[in-house]
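The structure under discussion appears below in the form of structure tokens.
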Amino acid sequence: MGYWGYFVVGRADRPLSALDALSGAADMTLRLSAPEGWQVWEFPGGDGDVGNMNDLAGQTGAPALFGYVMDSDCVVVEAAAPESGAWTTCLARTAMAGYLGAEKEGLTLEDYFLEPHDAAERAVAWAAEAGRTANAGELAEVLAADPGAGTGDDGVAEHLFFRFLDRLGVVPL
225 MGYWGYFVVG RADRPLSALD ALSGAADMTL RLSAPEGWQV WEFPGGDGDV
275 GNMNDLAGQT GAPALFGYVM DSDCVVVEAA APESGAWTTC LARTAMAGYL
325 GAEKEGLTLE DYFLEPHDAA ERAVAWAAEA GRTANAGELA EVLAADPGAG
375 TGDDGVAEHL FFRFLDRLGV VPL
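Each residue of the sequence shown is one higher than the last, beginning at 225 in the numbering used here.
Right, dumping it as structure tokens:
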């Protein structure tokens with residue numbers, strides 16, 4: 225069985241776990257700190273309320289991002305920034321389609337999530353608002369990739385998520 229849980233990414237002068245926007249996720253653990261106050265917190269499990277990324281972006285005045293990992297197979301990515309707004313996409317789209325069972329209901333993956341190209345454009349704007357420069361083509365490659373495909377990693381979706389953060393210029397690999 226793979227990993228289930230959230231990664232919370234934001235920038236603040238104090239720990240993200242101390243902010244009201246994340247008060248429902250008392251069991252978060254700091255996973256990684258990066259320059260300029262960037263933080264990645266982990267909230268294992270799928271139960272509970274991790275908080276609201278729009279509130280987190282508003283409270284910190286900086287872009288925020290949640291990654292919900294589903295059994296290490298795929299990741300729901302929710303992002304928000306004070307100026308450029310919110311958007312949602314996913315990583316490991318083939319696995320995500322299987323979880324959703326969308327085709328059975330006449331829906332497609334794109335009914336739920338931005339396509340890689342569109343998500344990459346939104347991610348570039350998110351990164352710019354964060355003071356970073358990101359390449360839409362590199363982001364689209366990660367957004368369209370399957371875990372382990374030509375990467376040398378062990379095929380878990382978490383690696384795609386951290387590669388995505390690296391391409392955003394927020395948390396280097």
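Quick reminder that beta carbons are idealized off the backbone N, C-alpha and C, glycines included.
Simplified DSSP assignment, three categories, for residue i
i    : result
Y323 : helix
A250 : coil
W350 : helix
L367 : helix
L333 : helix
P268 : strand
A245 : helix
R391 : helix
T318 : helix
P340 : helix
N276 : coil
L397 : coil
Contact test: residue i Cβ vs the ligand FMN heavy atom, cutoff 7 Å
i    : result
L246 : Of the ligands one can find in the structure shown there are none, so the ligand FMN has no counterpart to examine.
Opposing strand residues paired with residue i [DSSP bridges]
i    : result
Q263 : G234 and S257
T313 : V301
A288 : A304
V293 : G229 and V299
Exposed unless 16 or more other CB atoms sit within 10 angstroms - verdict on residue i
i    : result
F357 : In the sequence as displayed, the identity of residue 357 is Thr instead of Phe. Result: exposed.
H383 : buried
S247 : exposed
G291 : buried
S257 : exposed
L280 : buried
R346 : buried
For residue i, the nearest candidate out of the options (CA to CA)
i    : options                   : result
D335 : E345, A369 and R317       : R317
M294 : F337, E307, G269 and A303 : G269
F388 : G355, A344, A354 and V274 : A344
T284 : V301, Y292, E260 and D273 : E260
L289 : A321, D237, Y230 and A360 : Y230
A360 : A369, A349 and D370       : A349
N276 : A321, S308, V233 and P239 : V233
N399 : A303, G330 and G322       : One cannot answer for residue 399 here, as it falls past the ends of the chain, which runs 225 to 397.
Contact with chain B by residue i, beta-carbon distance below 8 Å
i    : result
D335 : Going by chain labels, chain B is absent from the structure shown, which holds only one protein chain.
6 Å CB neighbourhood of residue i in its chain, flanking five on each side removed
i    : result
E362 : R391
G226 : D295 and S296
L243 : Q283
A351 : A358, L392 and G393
P371 : A316, G379, V380, A381 and L384
D273 : G248
Close Cβ partners of residue i (< 8 Å) along its chain, the five nearest in sequence each way excluded
i    : result
S241 : A249, A250, M252, L254 and W265
A354 : R235, A286, P287, A305, L392, G393 and V394
A364 : P340, H341, A343 and A344
P396 : A258 and D390
Proximal residues to residue i (C-beta, below 7 Å), its chain only, five neighbours per side dropped
i    : result
T313 : V301, F337, L338, A343 and L367
A307 : The question names Ala, but residue 307 is Glu in the sequence shown. Cβ within range, chain order: E353.
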